[in-house]
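Residue numbering for the sequence shown is 1 to 184, as defined by UniProt numbering.
The block underneath contains the structure these notes are about, expressed in structure tokens.
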Amino acid sequence: MKTKETGSDPKFASKTTQQDSPALNELFKDSIADLYWAENHLVKSLPKMISAATAPELINAIESHLEETKNHVVRLEQIFELLGEKAIAKKCDAMEGLTKEAEGIVESTEPGTATRDVGIILASQKVEHYEIASYNGLYQLAITLGLKDVAEILEQTLAEEKLADNKLGDIAENEINYKAAEEA
Ligand SMILES: [Fe+2]
Ligand SMILES: [Fe+2]
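Pasting the structure below:
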């Protein structure tokens with residue numbers, strides 16, 4: 001039962017302010033800096049996956065997500081601005097590991113095969129899941145910290161990461177996994 005009706009959107013009800021929780025705000029800013037490194041790293045890493053992939057639908061999917069990823073970088077810069085901070089990238093060990101794994105899969109599979117495409121999709125979906133977890137967590141935290149504008153920006157990118165993940169999953173399930181199963 002509802003006990004209080006404020007009339008404002010409860011989703012964005014600020015439970016705290018930036019001054020109230022310096023440690024949590026610091027953690028939030030650090031996490032944005034970590035994600036900023038990760039997205040910038042992806043802008044460099046995705047073209048390698050595009051050149052390694054074979055199926056046109058996979059190439060198209062990664063190409064269009066590369067364009068979105070460039071915009072994810074811009075959105076994080078907007079967030080730094082809203083926070084009154086300089087855009088600083090803090091090395092994200094997780095994203096470095098995930099992209100290394102993707103490159104390892106490419107090296108260990110034959111060019112032009114559906115098997116390599118399957119590997120690229122597996123690795124790419126791990127990247128998307130990492131991004132989904134990060135954006136989802138930071139979106140929730142932005143709401144807790146009363147950073148409504150920041151939360152809205154994070155939500156836009158979160159939606160694109162989910163769509164990219166779904167698209168990759170569909171490409172694997174509808175086509176490429178079957179093709180790879182027929183390869184030697
Ligand atoms: Fe992204
Ligand atoms: Fe992504």
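Glycine included, C-beta positions come from ideal geometry on N, C-alpha and C.
Since we're looking at a predicted model, the values are computed, not measured.
Determine the DSSP secondary structure at Pro22, reduced to helix, strand or coil.
-> The count along the sequence shown starts at 1 and reaches residue 22 at position 22. It is helical.
Through-space distance from His41 to Ile62, alpha-carbon basis = Translated into the one-based positions of the sequence shown, residue 62 becomes position 62. Translated into the one-based positions of the sequence shown, residue 41 becomes position 41. Cα to Cα, the separation comes out at about 15 Å.
Identify, in the order they occur along the chain, each residue of the same chain with its Cβ nearer than 7 Å to the Cβ of Ile153, setting aside the five sequence neighbours on each side.
-> Along the sequence shown, one-based indexing puts residue 153 at 153. If we look at Ile153 and ignore the five residues flanking it on each side, its Cβ neighbours are Arg75, Gln78, Ile79.
Mind checking whether the beta-carbon of Thr99 lies closer than 6 Å to any heavy atom of ligand 1?
-> Position 99 of the sequence shown, counted from the first residue, corresponds to residue 99. No, the Cβ of Thr99 stays beyond 6 Å of every heavy atom of ligand 1.
Could you check if Asp34 is buried or exposed, using at least 16 other CB atoms within 10 Å of its CB as the buried criterion?
-> If you number the sequence shown from 1, residue 34 lands on position 34. When all chains shown are included, Asp34 counts as buried.
In its own chain, which residues sit with a C-beta less than 8 Å from the C-beta of Asn174, not counting the 5 before and 5 after it?
-> In the sequence shown, residue 174 corresponds to position 174, counting from 1. Correct list: empty, nothing qualifies.
Between the segment 119-132 and the segment 156-167, do three or more beta carbon pairs fall short of 8 Å?
-> yes
From Leu147, Lys100, Leu163, Asn177, residue whose alpha carbon lies closest to that of Lys48 | Taking the first residue of the sequence shown as 1, we reach residue 48 at position 48. Among Leu147, Lys100, Leu163, Asn177, the Cα nearest to that of Lys48 is on Lys100.
Determine the direct distance from the alpha carbon of Ser108 to that of Gly7, and round the result to whole angstroms.
-> Against the sequence shown, residue 7 aligns to sequence position 7. Against the sequence shown, residue 108 aligns to sequence position 108. Its pLDDT being 45, under 50, Gly7 is placed unreliably by the model, and the measurement read from it follows with that caveat. Distance between the alpha carbons of Gly7 and Ser108 is about 58 Å.
What separation, rounded to the nearest whole angstrom, lies between the Cα atoms of Lys2 and Tyr178?
-> Taking the sequence shown and counting its residues from 1, one reaches residue 2 at position 2. Taking the sequence shown and counting its residues from 1, one reaches residue 178 at position 178. In this prediction, Lys2 has a pLDDT of 41, which is less than 50 and means its spatial position is unreliable; nothing more can be read from the coordinates.
First and last residue of the uninterrupted alpha helix (DSSP H) at Ile171 | On the sequence shown, residue 171 is found 171 positions in, with the first residue counted as 1. Note, Ile171: alpha helix (DSSP H), 148-171.
Nearest candidate by alpha-carbon position, reference Gly112, set Asp30, Val43, Glu182, Ala52 | Residue 112 sits at position 112 when you count from the first residue of the sequence shown. The shortest Cα separation from Gly112 among Asp30, Val43, Glu182, Ala52 belongs to Ala52.
Apart from the five residues on each side of it in sequence, which residues of its chain come closer than 6 Å, Cβ to Cβ, to Ala164?
-> Position 164 of the sequence shown, counted from the start, is the residue given in the question as residue 164. Answer for Ala164: His65, Glu128, listed in chain order.
Could you tell me whether any non-hydrogen atom of ligand 1 is closer than 6 Å to the CB of His72?
-> On the sequence shown, position 72 is the one that residue 72 refers to. Correct: His72 has its Cβ closer than 6 Å to ligand 1.
By a C-beta neighbour count over all protein chains shown, 10 Å radius and 16 as the cutoff for buried, is Ile88 buried or exposed?
-> Along the sequence shown, read from residue 1 onward, the residue named residue 88 stands at position 88. With fewer than 16 Cβ atoms within 10 Å of its Cβ, Ile88 is classed as exposed.
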